[in-house]
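Q: When the count follows this note's numbering, it moves up by one through the sequence shown with no breaks and lands on 232 for the last residue. Before we start, here is the structure in question, set down as structure tokens.
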Amino acid sequence: MPRLVFATSNAHKTEEVAAMLGHPWQVEDLRAHPGITLDEETGATFEANAIIKAVSGSRGTPGLLVLADDSGLEVDALGGAPGVRSARYAGEKATAADNRVKLKAELARLPPNQAFTGRFHCCMVLARDGKVLHISHGGVEGRLITQEQGEGGFGYDPLFIPEGFSDTFGVLPAETKNQLSHRARALAAMKGKLQSHI
Ligand code: ITT
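Structure, rendered in structure tokens:
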């Protein structure tokens, strides 16, 4: 089976990518490679941070294909926040629940009765031996609500309703999210490059 090291500590991302890639890929994240330390995410863009994770991860796994995902939520009424700071919106050690509390508080300060449009964005970078092989992007438009709905997914999913639906990613089945999410679209755009390495 072709091996793919997914340079993430977020097990939810791994679950989604492993389900979307399916056979024959063997997806291993940082839990299987405890010796790898990724460089700090100091970039100002999703792409810069995905490159940092993929390149530093691939230096620790000679010869192996390494994929990284940097992603986040952009809310128009908040000037694109939390954006690249999505994982750390409520502070450096914030949990996903802390970040949702912060987002709800920020939305509550805005004039009510408006549609809080936004999107999830994902940049994926494939690297090997410290060199970038391919970069892809994906996005999904939608709107934010101010009361959580559903317990599925992760992160901001209970607050995000994708365009064309009336339920959040926290309510919709994982199969639905995996057909239209930012991650699904970035992975689809990466797939040809991955296949060429089987
Ligand atoms: P790694 O850096 O180890 O991959 P991370 O969770 O810190 O894990 P990011 O730096 O890319 O990853 O931050 C992404 C954050 O954006 C994530 O923690 C969520 O808060 C949010 N996010 C990204 N994709 C999401 C999704 O599909 N559903 C809900 N929230 C998401």
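We treat Cβ as the ideally placed atom computed from N, Cα and C, and that holds for glycine.
Among the residues of its own chain, which have a CB less than 7 Å from the CB of SER90, if the five just before and after it don't count?
A: Numbered from its first residue, the sequence shown carries residue 90 at position 56. Around SER90: LEU72, ASP73.
Q: How big is the Cα-Cα spacing for ALA139 and ASP163?
A: Stepping through the sequence shown from its first residue, residue 139 is reached at position 105. Stepping through the sequence shown from its first residue, residue 163 is reached at position 129. Between ALA139 and ASP163, the C-alpha separation is close to 43 Å.
Q: Check whether the Cβ atoms of CYS156 and SER105 sit closer than 8 Å, and answer yes or no.
A: On the sequence shown, position 122 is the one that residue 156 refers to. On the sequence shown, position 71 is the one that residue 105 refers to. Result yes, Cβ atoms of CYS156 and SER105 sit closer than 8 Å.
Q: Report yes if the CB atom of ILE86 is closer than 8 Å to the CB atom of VAL166, and no otherwise.
A: Residue mapping note: residue 86 aligns to position 52 of the sequence shown, counting from 1. Residue mapping note: residue 166 aligns to position 132 of the sequence shown, counting from 1. Cβ atoms of ILE86 and VAL166: not closer than 8 Å.
Q: Return the residue from the list SER230, GLN183, SER43 that minimises the CA-CA distance to GLY69.
A: Translated into positions along the sequence shown, residue 69 becomes position 35. Among SER230, GLN183, SER43, the Cα nearest to that of GLY69 belongs to SER43.
Q: Compute the Euclidean distance between the alpha carbons of PHE40 and GLY114, then round it to the nearest angstrom.
A: Taking the sequence shown and counting its residues from 1, the one referred to as residue 40 is at position 6. Taking the sequence shown and counting its residues from 1, the one referred to as residue 114 is at position 80. If you take the alpha carbons of PHE40 and GLY114, they lie about 27 Å apart.
Q: By Cβ distance, which residues of its chain are closer than 7 Å to LEU141, with the 5 residues on each side in sequence left out?
A: The residue given as residue 141 occupies position 107 in the sequence shown. Same-chain partners within the cutoff: PHE150, LEU178, THR180.
Q: Here's a check: name, in chain order, each residue in its chain whose Cβ is nearer than 6 Å to the Cβ of VAL100, leaving out the five neighbours to either side.
A: Indexing the sequence shown from 1 puts residue 100 at position 66. The residues are VAL39, ALA41, ALA88, GLY91, SER92, ALA161.
Q: Say yes only if the C-beta of SER92 is nearer than 7 Å to one or more non-hydrogen atoms of ligand 1, and no if none qualify.
A: On the sequence shown, position 58 is the one that residue 92 refers to. Because no heavy atom of ligand 1 lies under 7 Å away, the Cβ of SER92 does not count as near it: no.
Q: Name the one or two DSSP bridge partners that MET158 has.
A: Locating residue 158 in the sequence shown gives position 124, where the first residue counts as 1. Its beta-bridge partners are ASP103, SER170.
Q: Can GLY176 and PHE194 be called in contact, C-beta distance under 8 Å?
A: By 1-based counting over the sequence shown, the position of residue 176 is 142. By 1-based counting over the sequence shown, the position of residue 194 is 160. Against a cut-off of 8 Å, the Cβ pair of PHE194 and GLY176 comes out as a contact.
Q: Ends of the alpha helix (DSSP H) at PHE80?
A: Taking the first residue of the sequence shown as 1, we reach residue 80 at position 46. Note, PHE80: alpha helix (DSSP H), 80-93.
Q: Over what stretch of residues does the alpha helix (DSSP H) that includes VAL135 continue unbroken?
A: For the purposes of this step, residue 135 is taken as the residue at position 101 of the sequence shown. It spans 130-142 - the alpha helix (DSSP H) in which VAL135 sits, taken as one unbroken run.
Q: Can you tell me whether LYS211 is buried or exposed? The criterion is at least 16 other CB atoms within 10 Å of its CB, across all chains shown.
A: Taking the sequence shown and counting its residues from 1, one reaches residue 211 at position 177. Under this definition LYS211 is a buried residue.
Q: When the Cα atoms are used, what is the spatial distance from VAL135 to ALA82?
A: Within the sequence shown, residue 135 is the residue found at index 101, counting from 1. Within the sequence shown, residue 82 is the residue found at index 48, counting from 1. Between VAL135 and ALA82, the C-alpha separation is close to 27 Å.
Q: Hey, PRO36 and ILE232 are a contact pair by Cβ (cut 8 Å); roughly how many whole angstroms apart?
A: On the sequence shown, residue 36 is found 2 positions in, with the first residue counted as 1. On the sequence shown, residue 232 is found 198 positions in, with the first residue counted as 1. The pair is a contact, with the Cβ atoms about 5 Å apart (cut-off 8 Å).
Q: Looking only at its own chain, which residues have a Cβ that is under 6 Å from the Cβ of GLY94, when we skip the five neighbours before and after it?
A: As a working mapping, residue 94 is identified with position 60 in the sequence shown. Cβ neighbours of GLY94 beyond the five flanking positions: ILE70.
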